[in-house]
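My numbering numbers the first residue of the sequence shown as 235 and each following residue consecutively. From the three backbone atoms N, C-alpha and C, an ideal C-beta is built for every residue, glycine too. Computed from a predicted structure; not experimentally measured. Notes follow once the structure below has been shown.
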Amino acid sequence: MRHPNREKNETIMVEGHRAVEALIDAPSFEVVEVFVESGRHPSILGRCGARGIPCHELGAAELREKADYQFHRGAFARARRPRAVMPDEAFLASASRLLVPVDLADAGNLGTLLRSAAAFGINGVLVGANRGVDIYSRKCIRASATAIFRMPVFEVDSLEHTLERIGEHGFIVLGASHSPSSRPLEEVRCGRKTALVLGSEGEGLPSSIERQCAEIVRVPMSEELDSLNVAVSGAIFMWEWFGREQT
């Protein structure tokens, strides 16, 4: 499902000195230019100089006007949007944990999921091109707290086809949904290679995606509530299946 307000730009905007540093260090991103408040963040100036990236020092007011955003924290950058690619054979052979958010409508939720994914050892993220909120929106990048630059993100033309393909590479596909037919989380163990699929905040998993799942799993909860925020439930699933191995 295409997000009604989505505008896919070929240039992405990144704000905050930590995010800008992570962007510069990420090999899959082409940085166009960087803007830094005069007298702040010399590490960014050094990184840009070492990589031949144009870097402009501006006064605070000029930087704020240029960024068109109040909370840039003294630095922001423009970069080329990575082109949509399928995960290749080498990645699918080596990866064991994938996150697949489907048709999410809130950029903050998507970014928070990316942050949890990085914390709990997810190897990569699959999203549908032109489906749901833009994973490279400013809000999503900001909410990810640099995670979007620290693991592979694959925008694919068909999530259904991609889920079928990763199944052929040994992944068990587990969908999260609080439906009557779902099984409680504690009853389902992840496989050696697992893809966690999360549906949108309002609609849940599309039927075409649910058919690709080996199991539909839910987080047990009070009967007084019918659902959890998708970023919260996703973090619970990732901790239970993947995060415990890291402690």
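- By the neighbour-count criterion, in which 16 or more other beta carbons inside 10 Å mark a residue as buried, proline 414 falls on the exposed side.
- The continuous alpha helix (DSSP H) containing glutamate 323 extends over residues 323 to 328.
- When DSSP states are grouped into helix, strand and coil, valine 336 belongs to the coil group.
- About 7 Å separates the beta carbons of methionine 320 and threonine 396, which is inside the 8 Å limit, making them a contact pair.
- The three-state secondary structure of proline 418, taken from DSSP, is strand.
- When beta bridges are read from the DSSP output, valine 387 appears opposite Val359.
- Assignment of glycine 477 by DSSP, reduced to helix, strand and coil, places it in the helix class.
- In this structure, the alpha-carbon of phenylalanine 405 lies about 9 Å from that of glutamate 398.
- Around the CB of asparagine 243, fewer than 16 other CB atoms lie within 10 Å, so the residue is classed as exposed.
- Nearest in C-alpha terms to glycine 293, of all of Gly308, Ala339, Phe263 and Arg317, is Gly308.
- Of all alpha-carbon atoms in Val431, Ala284 and Leu344, the one lying nearest the alpha-carbon of glutamate 394 is that of Val431.
- Boundaries of the beta strand (DSSP E) harbouring alanine 311: 309 to 314, taken from the DSSP string.
- Residue environment analysis places aspartate 302 among the exposed positions, since fewer than 16 neighbouring C-beta atoms fall within 10 angstroms of its C-beta.
- Sequence-distant Cβ neighbours of valine 422 in its own chain, meaning closer than 6 Å and more than five residues away, are Glu449 and Val451.
- A straight line joining the alpha-carbon of alanine 327 with that of arginine 285 spans about 32 Å.
- With 16 or more other Cβ atoms from the protein chains shown falling within 10 Å of its own Cβ, proline 335 counts as buried.
- Look at phenylalanine 405 here: in three-state DSSP terms it is coil, with no helix or strand label.
- Assignment of arginine 452 by DSSP, reduced to helix, strand and coil, places it in the strand class.
- The beta-bridge partner set that DSSP reports for arginine 331 consists of Thr428.
- When Ser461, Glu296 and Ile400 are compared, the shortest CA-CA separation from glutamate 323 is found for Ile400.
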